[in-house]
Amino acid sequence: MGQADWDLKKVERLDYGLSETTPLRVKAKAYPRPSQNAFDMHYALELGIVMKGRMGRLYQGHEARLAAGEVWFCGTWEPHGWSVVGAPCEVVVLSLWPPMLANLVYPEAIDFDWMAPFSSPPSERPRITGALRDAMIELGRDLERAAELASPKRELLSRTSLERLLLELPEPSHTSTRDRLPSNGYGRINAAVDLAFKSRRYLTTTDAARACGMSRRSFNFLFERVMGISFAKFALRRRIDGAASRLLGSDDPIKAIATEWGFTDSSHLHSCFVDVYGCSPAEYRKRKAAPTA
């Protein structure tokens, strides 16, 4: 499928209903026969493992055919397509709430970039070869087994398998994406999406446009056309989600969390938080911390 064939208006926008408390979904799928191309995009990150058969993966400006043991990645709101080219085909698909990975930090490896496989250009994402394919299939089986368990073991074991999988991946390319900007829509704004997930400060549209090597006006137009939302709203939602994560993961005062995530004060965080979560930060922390019957 060539670049001219992409029509973003026909790409289905999906909502997996992921959140702070339900950040990961694992699903095994089986396709008994070959299928034609289907196209979608979603806020959730996506990681898939081909367990059997062959699958075609399509991105703007990049195509790949994956065999058993190979893995694919999709970034947040990244238009992509897929088809079954070798049946029967079986896959395991993980849908991930982006802040789950963006906020994942181990003190002993504070600079490790868990988001890199999803935020790098499609042509530079990790490719699985040789014996590593067997390891990916085994991790896929671990994820399938975890999905059959009851909470909280299901989520905890799924997270463990996900982290193991990401740590097994080949080292990413160190070529800077700014050295050669892709011509396709998502690839052009990829650096801004990556910046929003890596930064906790308030980002202006000018900051994002500069990261992509574009004028503010051109960037604004392209980002909203591809993502269906302005960069300002996208980056704000990222900071609100980050604050929500800190509310549950720490005892820090709300004022400190507001400052950490680029809000002018706790009142500013309060008003933005209510718009998204339907309750105040204090109510959110109390409600999520309360034991369930």
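Using the numbering used here, you'd call the opening residue of the sequence shown number 599 and step up by one each time. A virtual CB, placed ideally from N, CA and C, is assigned to each residue, including glycine.
* Whole angstroms is fine: what's the gap from residue 825's alpha carbon to residue 706's? => 35 Å
* Residues near residue 852 by beta carbon distance below 6 Å, same chain, minus five either side -> 864, 879
* Using 8 Å as the cut-off, classify the Cβ of residue 805 as near or not near the heavy atoms of the ligand MN, replying yes or no. => The ligand MN is absent from the structure shown, which contains no ligands of any kind.
* Option in 735, 698, 717, 710 with minimal Cα separation from residue 757 -> When each option's Cα is compared against that of residue 757, the closest is 698.
* To do: Ignore the nearest five residues each way along the sequence and tell me which others in residue 619's own chain have a CB closer than 7 Å to its CB.
  => 886
* Cβ-based burial, residue 682 [other Cβ within 10 Å; buried from 16] -> buried
* Which class does residue 668 belong to by DSSP, given the choice of helix, strand or coil? -> In this structure, DSSP gives residue 668 a state outside helix and strand, which the three-state scheme calls coil.
* **Short Cβ contact (9 Å threshold) for residue 821 with residue 837** => no
* Reduced DSSP secondary structure (H/G/I, E/B, other) of residue 703 -> coil
* Check each candidate in 624, 726, 657 and name the one with the smallest Cα separation from residue 616. => 624
* For residue 732, collect the residues of the same chain with a Cβ closer than 7 Å to its Cβ; drop the 5 residues on either side in sequence, then sort them by chain order. => 667
* Name the two residues that bound the continuous beta strand (DSSP E) containing residue 694. => Unbroken beta strand (DSSP E) run through residue 694: 678–694.
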